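**Student:** There's a structure below that I have some questions on.
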Amino acid sequence: LNIKSLSEIQIVQVACGYYHSLALSKGNEVFSWGQNKYGQLGLGYEYKKQNSPQVIKSLLGIPFAQIAAGGAHSFVLTLSGAIFGWGRNKFGQLGLNDDNGK
Numbered sequence: 001l002n003i004k005s006l007s008e009i010q011i012v013q014v015a016c017g018y019y020h021s022l023a024l025s026k027g028n029e030v031f032s033w034g035q036n037k038y039g040q041l042g043l044g045y046e047y048k049k050q051n052s053p054q055v056i057k058s059l060l061g062i063p064f065a066q067i068a069a070g071g072a073h074s075f076v077l078t079l080s081g082a083i084f085g086w087g088r089n090k091f092g093q094l095g096l097n098d099d100n101g102k
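Have a look at this one:
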């Protein structure tokens, strides 16, 4: 399956949750698409879903080492070792010592 909107971008990693996906480009852009019921796309809550990959603008300019996706949550690891996570947190899976979604 070819995702046309990403065909001109060099993707170095892809991660998939239950109903959402992430892609990391060589240029350190993180793209997300799919279901956004819990904010797992990192695009805010105004969209219930995105049918095509969208750049997560709040992450622009940060150098990343890796991306990961859980069922309805997402993480990025920066080259400096910082971790950012967002999405569903019902069972504390974001590691924030609470169970509130972010």
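Each residue of the sequence shown is one higher than the last, beginning at 1 in the UniProt record's numbering.
Cβ coordinates follow ideal geometry from the N, Cα and C atoms, glycine included.
Please read these numbers as outputs of a predicted model, since none were measured by experiment.
Do you know how far the Cα of W33 is from the Cα of Q66?
**Tutor:** Approximately 17 Å between the Cα atoms of the pair.
**Student:** Q35 and Y19 look like a contact to me (Cβ under 8 Å); what is the Cβ gap, rounded to whole Å?
**Tutor:** Q35 to Y19, Cβ: 4 Å. Contact.
**Student:** Buried or exposed: where does G17 fall if 16 or more other Cβ atoms within 10 Å of its Cβ makes it buried?
**Tutor:** By the neighbour-count rule (16 or more Cβ atoms within 10 Å), G17 is buried.
**Student:** Pull the bridge partners of S7 from the DSSP assignment, please.
**Tutor:** DSSP, once it has assigned bridges, lists no residue as partnering S7.
**Student:** Please list the terminal residues of the continuous beta strand (DSSP E) segment that includes P53.
**Tutor:** 49-55 is the extent of the beta strand (DSSP E) around P53.
**Student:** Under 7 Å from any heavy atom of the ligand MN, does the C-beta of L43 make it?
**Tutor:** Looking at this structure, you won't find the ligand MN or any other ligand, since it has none at all.
**Student:** Going along the chain, which residues of its own chain have a beta-carbon closer than 6 Å to the beta-carbon of V14, five neighbours each way excluded?
**Tutor:** So the list reads A23, once near-sequence residues are dropped.
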